[in-house]
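Colleague: The opening position of the sequence shown corresponds to residue 1 in this note's numbering, with each subsequent residue numbered one higher.
Note that beta-carbon positions come from the ideal geometry of N, C-alpha and C, so glycine has one too.
Keep in mind it's a predicted model, so treat the numbers as computed, not measured.
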Amino acid sequence: MSGFGLRESHGSTKLVRIVVVGETRTRKSSLIMAAVTDHNHPDPRIPPLLPYTNLPSEYCSEDVLFTLIDTSLRPEDKGDIIREVKEADATFAMDRLLDNSKLFLKLIRKVVLVTLCVSKRSDRLETLDRLSEYWLLLFRHLKVRVPIVVAGYSVIQKEHNTIDTKEITTPIRQQCREIEICIEWSAPRLSDISWLAQAVFVQAQIAAMNHIGPVYDQVTNSLKPRCVAALEHIFELNACDNDYILSDDGFNHINARCFSIPLMPSRCRALIKSVQELCPEGVKENSLTVDGFLVLITKLIMDRKLRTLWTMLRTFGYNNDIRLVDEMIPYSSFKRILDQSVELTNEAIGSLRRVYHRFNNLGPQMMESLFETAPE
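Laid out in structure tokens, this is it:
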């Protein structure tokens with residue numbers, strides 16, 4: 001589905017902690033300072049370890065606040081790194097580029113961002129190994145299951161040597177399934193550094209808010225049970241009458257509700273065709289069955305369109321744990337005293353009548369679909 005935008009989760013203001021970790025002399029502090037100030041030139045007065053720093057409000061969503069946390073790789077500070085990473089919502093791990101400075105950021109749900117340095121010098125290639133041989137092992141040992149963002153920062157030297165970042169990040173991403181986003185930010189002009197650093201943290205926010213962990217099992221390569229239940233719920237709400245298929249009208253209803261725009265007929269046909277190629281039994285009468293709908297969502301995840309999936313889940317009332325929020329379950333949002341009673345409104349009665357007529361004369365198995373639209 002195209003045109004999907006980000007809709008924030010329900011609930012009160014949340015604090016996201018982005019921890020920046022990495023090797024010594026990797027400009028971790030400079031990255032943070034560039035993101036929160038308008039200073040584009042390196043400042044020799046930047047301390048070796050910055051205090052907690054808040055990301056400017058213009059880069060945060062209305063109900064999420066982001067705090068950037070600098071770290072030190074000194075042996076005596078390892079305990080602090082472990083503590084901060086375990087408490088983080090995002091972590092940045094950084095390493096240094098010399099010839100062509102490239103930073104690779106990795107973002108995790110608690111969010112961890114890792115930057116690596118890459119150049120054509122053989123000793124610099126060793127810094128890539130630190131991602132898999134040290135940082136990822138550390139995060140796995142600490143059971144930090146968060147999204148990872150890898151970002152590359154380039155400073156072009158006099159010889160103008162270049163390195164294709166995709167050649168470096170693609171194999172890393174294939175080997176390290178924790179990595180959700182790979183981005184490159186280059187600074188041919190110092191005046192661009194501040195803007196680019198801010199862009200890095202904006203991408204970190206997106207990954208933090210659209211984490212793969214709750215929805216997809218990367219070991220079994222399958223949707224997680226709670227995600228499947230939520231998607232079946234959404235499918236039932238939008239399926240055509242009693243045919244249990246998602247037609248063009250159903251697609252349009254979902255897209256209009258989630259993204260305020262309908263899907264073009266050609267786009268609907270393209271989506272259905274893509275599912276048919278992957279799962280022929282997922283298409284019936286030029287519409288999607290529930291299995292086809294799950295295949296489509298899995299394809300979105302494989303195409304790294306997690307923002308699309310999370311927008312849909314949140315629009316239909318699911319929180320970050322893929323549970324219906326209290327506002328979707330009215331009885332949990334109000335209290336009554338002993339002498340008070342609760343009555344259905346005329347609108348509620350009308351809704352029940354429509355449901356009754358839809359499922360009238362169906363057998364026990366089909367009647368289960370009546371309650372699948374309210375799984376909680």
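Give me the residue from Arg304, Leu300, Cys268 and Ile148 with the minimum Cα distance to Ser287.
Modeller: Walking along the sequence shown from the start, residue 287 turns up at place 287. Ranking Arg304, Leu300, Cys268 and Ile148 by Cα distance to Ser287 puts Cys268 first.
Colleague: Can you find at least 3 beta carbon pairs, one from the stretch 254 to 272 and one from the stretch 219 to 231, that sit closer than 8 Å?
Modeller: Pairwise C-beta distances place the stretch 254 to 272 out of contact with the stretch 219 to 231, as fewer than three of them are shorter than 8 Å.
Colleague: From Val275 to Asp248, what distance separates their C-alpha atoms?
Modeller: Counting from one through the sequence shown, the residue named residue 275 turns up at place 275. Counting from one through the sequence shown, the residue named residue 248 turns up at place 248. In this structure, the straight-line span from the alpha carbon of Val275 to that of Asp248 is close to 14 Å.
Colleague: Can you give the Cα-Cα distance for Asn100 and Trp195, rounded to whole angstroms?
Modeller: Residue mapping note: residue 100 aligns to position 100 of the sequence shown, counting from 1. Residue mapping note: residue 195 aligns to position 195 of the sequence shown, counting from 1. Legend: pLDDT at Asn100 = 34, less than 50; position of this residue unreliable, no value from coordinates given.
Colleague: Do Val36 and Thr24 come within 8 Å of each other at the CB atom, strictly closer than that value?
Modeller: Taking the sequence shown and counting its residues from 1, the one referred to as residue 24 is at position 24. Taking the sequence shown and counting its residues from 1, the one referred to as residue 36 is at position 36. Not in contact: Thr24 and Val36 (Cβ atoms no closer than 8 Å).
Colleague: Taking the straight line between their C-alpha atoms, what separation do you get for Ala199 and Ser30?
Modeller: Counting from 1 along the sequence shown, the entry for residue 199 is found at position 199. Counting from 1 along the sequence shown, the entry for residue 30 is found at position 30. Cα to Cα, the separation comes out at about 15 Å.
Colleague: Would a C-beta distance cut-off of 8 Å place Ile32 and Leu68 closer than the cut-off?
Modeller: Numbered from 1 along the sequence shown, position 32 holds the residue referred to as residue 32. Numbered from 1 along the sequence shown, position 68 holds the residue referred to as residue 68. Cβ distance < 8 Å, so Ile32 and Leu68 count as in contact.
Colleague: Can you list, in chain order, the residues of its chain with a C-beta nearer than 7 Å to that of His160? Leave out the 5 residues immediately preceding and following it.
Modeller: Residue 160 sits at position 160 when you count from the first residue of the sequence shown. At His160, the pLDDT of 47 sits below 50, so the modelled position is not reliable and the matter cannot be decided from this model.
Colleague: Could you please give me the residues that DSSP links to Thr53 through a beta bridge?
Modeller: Numbered from 1 along the sequence shown, position 53 holds the residue referred to as residue 53. Thr53 is bridged to Leu68.
Colleague: With DSSP run on the structure shown, which of helix, strand or coil describes Lys284?
Modeller: As a working note, residue 284 is residue 284 in the sequence shown. Note: Lys284 maps to strand in three-state DSSP.
Colleague: In angstroms, rounded to a whole number, what distance separates the CA positions of Asp70 and Asp80?
Modeller: Against the sequence shown, residue 70 aligns to sequence position 70. Against the sequence shown, residue 80 aligns to sequence position 80. Asp70 and Asp80: Cα-Cα distance of roughly 11 Å.
Colleague: For the stretch 224 to 238 and the stretch 72 to 87, state whether three or more C-beta atom pairs, one from each stretch, are separated by less than 8 Å.
Modeller: The stretch 224 to 238 is not in contact with the stretch 72 to 87.
Colleague: For the alpha helix (DSSP H) that Trp310 lies in, which residues bound it at each end?
Modeller: Along the sequence shown, one-based indexing puts residue 310 at 310. First-last of the alpha helix (DSSP H) with Trp310: Leu306 to Thr315.
Colleague: Could you give the DSSP three-state label for Ser222: helix, strand or coil?
Modeller: For the purposes of this step, residue 222 is taken as the residue at position 222 of the sequence shown. Strand, per DSSP.
Colleague: How would you call Glu347, buried or exposed, if buried means at least 16 neighbouring beta carbons within 10 angstroms?
Modeller: Sequence index remark: in the sequence shown, residue 347 carries index 347 (1-based). The residue in question, Glu347, is exposed, as its Cβ has fewer than 16 Cβ neighbours within 10 Å.
Colleague: Would you mind sorting Leu246 into buried or exposed? The rule is 16 or more other CB atoms within 10 Å of its CB.
Modeller: On the sequence shown, position 246 is the one that residue 246 refers to. Its Cβ being crowded by 16 or more others within 10 Å, Leu246 is buried.
Colleague: Take Pro262 and list the residues in its own chain whose beta-carbon comes closer than 8 Å to its own, dropping the five residues that flank it on each side.
Modeller: As a position in the sequence shown, residue 262 is number 262, starting the count at 1. If we look at Pro262 and ignore the five residues flanking it on each side, its Cβ neighbours are Asn252, Asn255 and Ala256.
Colleague: Out of Leu306, Leu294, Val342 and Phe293, state which residue places its alpha-carbon closest to the alpha-carbon of Ile206.
Modeller: Counted from its first residue, the sequence shown places residue 206 at position 206. Taking only the C-alpha atoms, the option nearest Ile206 is Leu306.
Colleague: Kindly indicate which residue of Arg17, Tyr318 and Leu50 has the alpha-carbon position closest to the one of Lys28.
Modeller: In the sequence shown, the residue the question calls residue 28 occupies position 28. Residue Leu50 is the option with its Cα nearest to Lys28.
Colleague: Can you give me the start and stop residues for the alpha helix (DSSP H) that His211 sits inside?
Modeller: In the sequence shown, counting from the first residue as 1, residue 211 sits at position 211. Here His211 belongs to no alpha helix (DSSP H), and DSSP marks it neither H nor E.
Colleague: Keeping to the same chain, check which residues put their C-beta closer than 8 Å to that of Leu142; ignore five residues upstream and five downstream.
Modeller: Counting from 1 along the sequence shown, the entry for residue 142 is found at position 142. Hits under 8 Å: Ile82, Val85 and Lys86.
Colleague: DSSP three-state label for Tyr356, please.
Modeller: Translated into the one-based positions of the sequence shown, residue 356 becomes position 356. Judged by DSSP in its simplified three-state form, Tyr356 adopts helix.
Colleague: Given a cut-off of 8 Å, decide if Ile297 and Leu309 are closer than it, judged by their beta-carbon atoms.
Modeller: The residue you call residue 309 lines up with position 309 of the sequence shown. The residue you call residue 297 lines up with position 297 of the sequence shown. Contact flag set, yes.
Colleague: Gly350 to His357, Cα distance in whole Å?
Modeller: Position 350 of the sequence shown, counted from the first residue, corresponds to residue 350. Position 357 of the sequence shown, counted from the first residue, corresponds to residue 357. Taking the straight line from one Cα to the other gives about 11 Å.
Colleague: Does Tyr134 come out as helix, strand or coil in the three-state DSSP assignment?
Modeller: Along the sequence shown, read from residue 1 onward, the residue named residue 134 stands at position 134. Correct three-state label for Tyr134: helix.
Colleague: Helix, strand or coil, according to DSSP, for Ile322 in the structure here?
Modeller: In the sequence shown, residue 322 corresponds to position 322, counting from 1. It is coil, neither helix nor strand.
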